[in-house]
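In the working numbering, the protein residues as written are 12 to 279.
One structure is given below, encoded as structure tokens.
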């Protein structure tokens with residue numbers, strides 16, 4: 012039986028991570044959970060995010076997930092340790108450590124820039140992950156509050172997006188960064204203005220791509236890779252699901268035909 016991979020985010024844009032997983036692992040199937048009842052996580056306390064993440068991981072595992080991916084950078088930052096302690100029988104991956112590993116490999120000793128939400132920057136997760144890998148490499152975080160609204164309003168290719176990218180990227184270049192991590196699942200949709208602002212000599216790391224590669228290696232190592240015989244993906248939402256199929260299909264890169272309600276059993 013082709014047991015699924017569970018993927019979750021506070022909203023729909025984590026489907027871009029699911030898309031990357033399916034590109035890397037086309038024989039797998041996905042169960043995706045959007046915690047729309049509690050979005051955005053950036054306005055929640057770290058403790059709330061831990062509670063929500065634990066409930067979602069439990070939901071996905073109850074649905075048969077053989078592995079769980081926290082597509083949300085903030086959840087990866089503040090809840091991954093609790094999830095791995097609570098569910099030791101299931102491999103649980105975040106997006107931060109794979110992204111940090113790829114950035115350190117590319118940095119060649121130069122500082123690493125991190126573009127992320129205010130919450131992820133405040134958590135220090137990328138800075139800590141990079142420091143644990145190589146203490147000699149500075150990690151410079153840059154909160155990007157303009158980015159998410161630009162993506163969600165369909166303005167990723169606008170002049171405003173180019174202006175925001177220049178505002179956030181230029182200080183990283185001035186600090187000597189030659190590698191930049193896209194520390195939010197929204198940011199790959201802004202790759203063109205970010206690339207334009209950064210220039211061709213800067214390495215841009217998409218943690219989703221790195222996470223998918225590490226997940227593929229893990230499934231092979233544990234001999235639990237999918238066989239491609241069951242490709243029925245499932246999609247759940249804890250709250251409002253209007254627009255899920257239309258917008259979610261855009262982020263996933265394939266049609267979402269149905270969305271079910273997912274009850275988080277008292278997580279408020």
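By construction, the Cβ of each residue, glycine as well, lies at the ideal position given by its N, Cα and C atoms.
None of the values given here were measured: they were computed from a predicted structure.
Take residue 132, set aside five residues on each side of it, and the residues of its chain with a beta-carbon closer than 6 Å to its own are 152 and 154, in chain order.
Sequence-distant partners of residue 172 (beyond 5 residues in either direction) whose C-beta falls short of 7 Å from its own C-beta, in its chain, are 161, 166, 201 and 204. When DSSP reads this structure, residue 104 sits in a beta bridge with 80. By the Cβ criterion, the segment 31–50 is in contact with the segment 13–23, since at least three pairs of Cβ atoms, one from each stretch, lie closer than 8 Å. Apart from the 5 residues on each side of it in sequence, residue 79 sits with its Cβ closer than 8 Å to the Cβ of 16, 17, 18, 19, 68, 71, 72, 94, 98, 101, 102, 103 and 104 in its chain, given in chain order. For the options 91, 136 and 146, the alpha carbon positioned closest to that of residue 115 is the one of 146.
When the alpha-carbon of residue 121 is set against those of 129, 108 and 142, the nearest one is in 142. Boundaries of the beta strand (DSSP E) around residue 190: 190–194. Rounded to whole angstroms, the gap between the alpha carbons of residue 231 and residue 216 is 24 Å. Judged by DSSP secondary structure, residue 225 falls within the alpha helix (DSSP H) whose first and last residues are 218–233. The beta carbon of residue 128 lies closer than 6 Å to those of 53 and 195 in the same chain, with the five residues before and after it left out.
A buried status is given to residue 199, since no fewer than 16 other beta-carbon atoms sit within 10 Å of its beta-carbon. Burial state of residue 259 is buried, judged by a 10 Å Cβ sphere holding 16 or more other Cβ atoms.
Separation of residue 65 and residue 255 (C-alpha to C-alpha, rounded to the nearest whole angstrom) is 23 Å. Taking C-alpha positions only, residue 185 is separated from residue 148 by approximately 16 Å. According to the DSSP assignment, residue 150 belongs to no alpha helix (DSSP H) but to the beta strand (DSSP E) extending over 150–154. Exclusion of the five residues before and after residue 250 leaves 47 and 48 as the residues of its chain whose Cβ lies within less than 7 Å of its Cβ. Spatial neighbours of residue 235 in its own chain (CB-CB distance under 8 Å, excluding positions within 5 residues in sequence) are listed in chain order as 14, 77 and 78. In chain order, 126, 153 and 155 place their CB closer than 7 Å to the CB of residue 179, counting only its own chain and leaving out the 5 sequence neighbours on each side.
Note that the C-beta distance between residue 239 and residue 191 is not below 8 Å. A check of alpha carbon separations from residue 182 across 209, 158, 157 and 168 identifies 209 as the nearest. With a beta-carbon spacing of about 7 Å, residue 272 and residue 248 fall inside the 8 Å limit used to define contacts. The beta-carbon distance between residue 262 and residue 27, rounded to whole angstroms, is 5 Å. This is short enough to meet the 8 Å contact definition.
Beta-bridge partners of residue 214 (DSSP): 190.
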